[in-house]
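**Student:** I am attaching a structure below and will ask some questions about it afterwards.
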Amino acid sequence: MATVEFPNGEVVEEQGVSGLELARKQDTDILAMQVDGEVCDLRDPIPATGKVRMIGAQDPAAVEVLRHTAAHVLAHAVQRLFPDAKLAIGPAIRDGFYYDFQFSEPPGADDLPRIEKEMEKIVKEELPIEREWMSKAEAEEYLREHGETYKQELLGDMEGEQISFYRQGDFVDLCRGPHIPSTGGVRHFKLMDMAGAYWRGDAERTMLTRIYGTAFPTRDALKEFVRRREEARRRDHRVLGPQLDLFTINNEDIGAGLVLWHPKGARVRQELEDFWVQEHYRHGYQLVRSPHIGRARLWERSGHLEFYREGMYAPLDVEGQEFYLKPMNCPFHIAIYKARTHSWRDMPLRYAELGTVYRYERGGVLHALLRVRGFTQDDAHIICRPDQVEEEIRSTLRFALHMLQTAGFSEFAVYLSTRPAKYVGEPHQWELATAALRRAVEAEGMPYEVKEGDGAFYGPKIDIDVEDSLGRAWQLTTIQFDFNLPERFDMSYTGEDGQAQRPYMVHRALYGAMERFFGILIEHYGGAFPVWLAPVQAVVLPVSEDQIPYAEEMVAQLTAAGVRAEAWGRAGKTLRWLIRQAQLQKVPYMCIAGPREAQERTLALRLRTGEDLGPQPVDDIAARITKVARTRGSEL
RNA sequence: GCCGGCGUAGCUCAGCAGGCAGAGCAGCGGUUUCGUAAACCGCAGGUCAGAGGUUCAAUUCCUCUCGCCGGCUCCA
Numbered sequence: 003m004a005t006v007e008f009p010n011g012e013v014v015e016e017q018g019v020s021g022l023e024l025a026r027k028q029d030t031d032i033l034a035m036q037v038d039g040e041v042c043d044l045r046d047p048i049p050a051t052g053k054v055r056m057i058g059a060q061d062p063a064a065v066e067v068l069r070h071t072a073a074h075v076l077a078h079a080v081q082r083l084f085p086d087a088k089l090a091i092g093p094a095i096r097d098g099f100y101y102d103f104q105f106s107e108p109p110g111a112d113d114l115p116r117i118e119k120e121m122e123k124i125v126k127e128e129l130p131i132e133r134e135w136m137s138k139a140e141a142e143e144y145l146r147e148h149g150e151t152y153k154q155e156l157l158g159d160m161e162g163e164q165i166s167f168y169r170q171g172d173f174v175d176l177c178r179g180p181h182i183p184s185t186g187g188v189r190h191f192k193l194m195d196m197a198g199a200y201w202r203g204d205a206e207r208t209m210l211t212r213i214y215g216t217a218f219p220t221r222d223a224l225k226e227f228v229r230r231r232e233e234a235r236r237r238d239h240r241v242l243g244p245q246l247d248l249f250t251i252n253n254e255d256i257g258a259g260l261v262l263w264h265p266k267g268a269r270v271r272q273e274l275e276d277f278w279v280q281e282h283y284r285h286g287y288q289l290v291r292s293p294h295i296g297r298a299r300l301w302e303r304s305g306h307l308e309f310y311r312e313g314m315y316a317p318l319d320v321e322g323q324e325f326y327l328k329p330m331n332c333p334f335h336i337a338i339y340k341a342r343t344h345s346w347r348d349m350p351l352r353y354a355e356l357g358t359v360y361r362y363e364r365g366g367v368l369h370a371l372l373r374v375r376g377f378t379q380d381d382a383h384i385i386c387r388p389d390q391v392e393e394e395i396r397s398t399l400r401f402a403l404h405m406l407q408t409a410g411f412s413e414f415a416v417y418l419s420t421r422p423a424k425y426v427g428e429p430h431q432w433e434l435a436t437a438a439l440r441r442a443v444e445a446e447g448m449p450y451e452v453k454e455g456d457g458a459f460y461g462p463k464i465d466i467d468v469e470d471s472l473g474r475a476w477q478l479t480t481i482q483f484d485f486n487l488p489e490r491f492d493m494s495y496t497g498e499d500g501q502a503q504r505p506y507m508v509h510r511a512l513y514g515a516m517e518r519f520f521g522i523l524i525e526h527y528g529g530a531f532p533v534w535l536a537p538v539q540a541v542v543l544p545v546s547e548d549q550i551p552y553a554e555e556m557v558a559q560l561t562a563a564g565v566r567a568e569a570w571g572r573a574g575k576t577l578r579w580l581i582r583q584a585q586l587q588k589v590p591y592m593c594i595a596g597p598r599e600a601q602e603r604t605l606a607l608r609l610r611t612g613e614d615l616g617p618q619p620v621d622d623i624a625a626r627i628t629k630v631a632r633t634r635g636s637e638l
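Okay, here's the thing in structure tokens:
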């Protein structure tokens, strides 16, 4: 007898009967079951022995099965409406599911509601979903008859003789399962988008039409999902950027993927960069600067023209010589290194630069600030002796966390990427370097994950992802070994023994790219920057026109104390209006100047949280703001 | 680059089976002098992304270009 556990905690001993029959005796919504850890159909029989766990709608394991079934319902609906649509694949994904189709005439986005309606019908029909087995030959025959060329290709890659199909009504799909027992279980779903996707992700192959949707076990979960999407939309840096007058990017005259930083955005960036510069000096870095273009021979020597050409812009002709816009800063930093000889005593050298680079990105991949063509890397190259590299990596990891934490992130994921199939350098070098990276991460006590074969061709690397306030992960920090450039540029230093030695080189970027980091910060904070980054820290709002001179006087005092303050008084604008504007601009401090305050030489302090702290002397307000800014805290 | 969608005033969006281009907010002028998220009245604001085509007539239909969005691919 197998032990069967129900979601409500009840445990029974059963065998032979199907899970579905057992589930029907219970009131709860049971969608699937887990037999000895493996999720399977409720229609399967309960085995003679083992542990069975009934999966209720509330169970996280149910969601994936449910969404997979939702994908089938989608495909079913599409085949009813577009009989010639060919099926490709339709899996559950993180936020929902999709199904790829090939249409002879692709539907438009207006067709989504139609498809959704048809799906609702299929759900109402409560069609039983049943598994069928065919031999490989039968399956081949069946798919050929139905013109399912993509499924045929999938079948060709399958092992085993018995092939699993699922049937719901007149719809049959090659599928590994598992599924919920009836289409009636897919109650709370929503189609979201339609997009192109290559068959098997290969740009050389057919472009299919992908329909995205999501499904949840409960109405509330679906509502919560929609709410989160709306929240993400509200925080979207593409919306907040223009609203808060931070930047613009959609300017046809300037060009795609090129960012204009408006005064307020530039102010945020300047604060970030000032902090960055200060911390780099404090951590033993030397700042350098390098030009935006370099001669072709530089990029030939570095290997960029060989390995990175498709990411570079066409050369410029300068007096008959070819120059290239820089896609990376490294060759210049190496040139600085090579401008003189170095002793083993000089090491390590840490050259840092906020270096602006230009990379050709295909039009379709550009994405506001997150993916641009011209951007500033917070770049640095550490050149050191082999015996120093582990400590350098350790201190870089600590430094990275310090920089990310100060910017407001607290959740991190660390990844160690090892040697890829295509690589330069010697395998034993790779092993030494990878081991050094591993020891460094472990010595810092950071949990990490290994990504086998995910390193750059020139060396292994460590990446750090942060999680933002909406739970999304962003890769920011990267620390990369480079076996390639020291060789190519014949970098050396004189060792203790008087012999020329090859230094180790590590590239690292902490924030990644300032543009991208800024975009992430805007979304992380929903535009409400902490005080040290806020482009305007305080506004003084006169209750009526009479207090405008007083407001201006107070702003002068705040400014003198080092606060970024503005007086917003204007004829005809009420306090309510001014406060609304300040709230919309997410200004952290609003200082109200009315007749009472002018009389008492105070300002009534309101925080952007809505909290009213009442009248206070301007010196106290200035002290409060400068203190919060200095400590770079998140409080107000 | 590829598939699909989109581009109307500074912003958000109406309009268009082809017939003089509209609203709200912002701006400007005036009235109001106001106490914690939108006072009132008026004025101005447009090569309907750009170029070409079809038509008596194009913002509307067609083609191309540019830009944006959702994906695929790649990555910071």
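Residue numbers for the first sequence follow this note's numbering, so the first one is 3 and each next one is one higher.
A virtual CB, placed ideally from N, CA and C, is assigned to each residue, including glycine.
Output the boundary residues of the alpha helix (DSSP H) element that contains residue 550.
**Tutor:** 550-562
**Student:** With a threshold of 7 Å on Cβ separation, who are the neighbours of residue 303 within its own chain once the five nearest residues in sequence on each side are excluded?
**Tutor:** 490, 491
**Student:** Note down the Cα distance separating residue 210 from residue 523, rounded to an integer number of angstroms.
**Tutor:** 35 Å
**Student:** Counting along the chain, where does the alpha helix (DSSP H) carrying residue 397 start and finish?
**Tutor:** 391-408
**Student:** Below 8 Å between beta carbons: does that hold for residue 438 and residue 498?
**Tutor:** no
**Student:** Give me, in chain order, the residues of the same chain whose beta-carbon lies closer than 7 Å to that of residue 52; leave out the 5 immediate sequence neighbours on both sides.
**Tutor:** The beta carbon of residue 52 is closer than 7 Å to those of 4, 37, 38 in its chain, skipping five residues each way along the sequence.
**Student:** Pull up the distance between the alpha-carbon of residue 127 and that of residue 73, whole angstroms please.
**Tutor:** 16 Å
**Student:** Which of helix, strand or coil does DSSP assign to residue 109?
**Tutor:** coil
**Student:** Is residue 40 buried or exposed, if buried means 16 or more other CB atoms sit within 10 Å of its CB?
**Tutor:** So residue 40 counts as exposed.
**Student:** I need the DSSP call for residue 2, collapsed to helix, strand or coil.
**Tutor:** Nothing about residue 2 can be reported from this structure: the residues present for the chain run from 3 to 638 only.
**Student:** What residue range is occupied by the uninterrupted alpha helix (DSSP H) comprising residue 26?
**Tutor:** Residues 21-26.
**Student:** Pick out whichever of 450, 563, 534, 570 has its Cα sitting closest to the Cα of residue 547.
**Tutor:** 570
**Student:** Contact between the stretch 325-341 and the stretch 267-277: three or more CB pairs below 8 Å?
**Tutor:** no
**Student:** Give me the residue from 144, 577, 629, 614 with the minimum Cα distance to residue 533.
**Tutor:** 629
**Student:** Relative to the alpha-carbon of residue 446, which residue among 396, 593, 494, 475 has its alpha-carbon at the smallest distance?
**Tutor:** 396
**Student:** Write down the C-beta distance between residue 521 and residue 239 rounded to the nearest angstrom, noting that I regard them as a contact closer than 8 Å.
**Tutor:** Contact check for residue 521 and residue 239: beta-carbon distance about 4 Å, within the 8 Å limit, so the pair qualifies.
**Student:** Please state whether DSSP places residue 34 in a helix, a strand or coil.
**Tutor:** strand
**Student:** If contact is defined by three or more beta carbon pairs under 8 Å, each pair taking one atom from either stretch, is the stretch 227-235 in contact with the stretch 245-265?
**Tutor:** no
**Student:** Kindly indicate which residue of 9, 145, 342 has the alpha-carbon position closest to the one of residue 57.
**Tutor:** 9
**Student:** Starting from residue 55, trace the beta strand (DSSP E) both ways and give me its first and last residue.
**Tutor:** Its beta strand (DSSP E) spans residues 53-58.
**Student:** Let me make sure I understand the geometry here. Which of 495, 426, 418 has the alpha-carbon closest to that of residue 342?
**Tutor:** 495
**Student:** Do you know offhand how far residue 355's Cα is from residue 31's?
**Tutor:** 59 Å
**Student:** Does the contact criterion of 3 or more C-beta pairs under 8 Å hold for the stretch 315-329 versus the stretch 290-300?
**Tutor:** yes
**Student:** Which word fits residue 633, buried or exposed, when buried means at least 16 other C-beta atoms lie within 10 angstroms of its C-beta?
**Tutor:** exposed
**Student:** Helix, strand or coil for residue 576 per DSSP?
**Tutor:** In the structure shown, residue 576 adopts coil according to DSSP, grouped into three states.
**Student:** Which parts of the stretch 507-535 are runs of the beta strand (DSSP E), unbroken and 3 residues or longer, counting only runs that do not cross its ends?
**Tutor:** none
**Student:** Is the stretch 191-205 in contact with the stretch 131-146, if contact means three or more CB pairs nearer than 8 Å?
**Tutor:** no
**Student:** Considering Cα atoms alone, identify which of 146, 159, 76 is closest to residue 119.
**Tutor:** 76
**Student:** In chain order, what residues of the same chain have a beta carbon less than 7 Å from the beta carbon of residue 129, not counting five sequence neighbours either side?
**Tutor:** 170, 171, 184, 185
**Student:** Please return the same chain residues whose Cβ sits closer than 7 Å to the Cβ of residue 568, not counting the five positions on each side in sequence.
**Tutor:** 538, 541, 557
**Student:** So the candidates are 579, 113, 292; which of them puts its Cα closest to the Cα of residue 592?
**Tutor:** 579
**Student:** Of all the alpha helix (DSSP H) runs that stay within the bounds of the stretch 70-122, which reach a length of 4 or more residues?
**Tutor:** none
**Student:** Over what stretch of residues does the alpha helix (DSSP H) that includes residue 228 continue unbroken?
**Tutor:** Unbroken alpha helix (DSSP H) run through residue 228: 221-237.
**Student:** Am I right that residue 505 and residue 387 are in contact with their C-beta atoms under 8 Å? What's the rounded C-beta distance?
**Tutor:** 7 Å
**Student:** Ignoring anything shorter than 4 residues, give me the alpha helix (DSSP H) runs that lie fully in the stretch 591-618, in order along the chain.
**Tutor:** 597-602
**Student:** Would you kindly work out how many angstroms separate the C-alpha atoms of residue 64 and residue 43, rounded to a whole number?
**Tutor:** 11 Å
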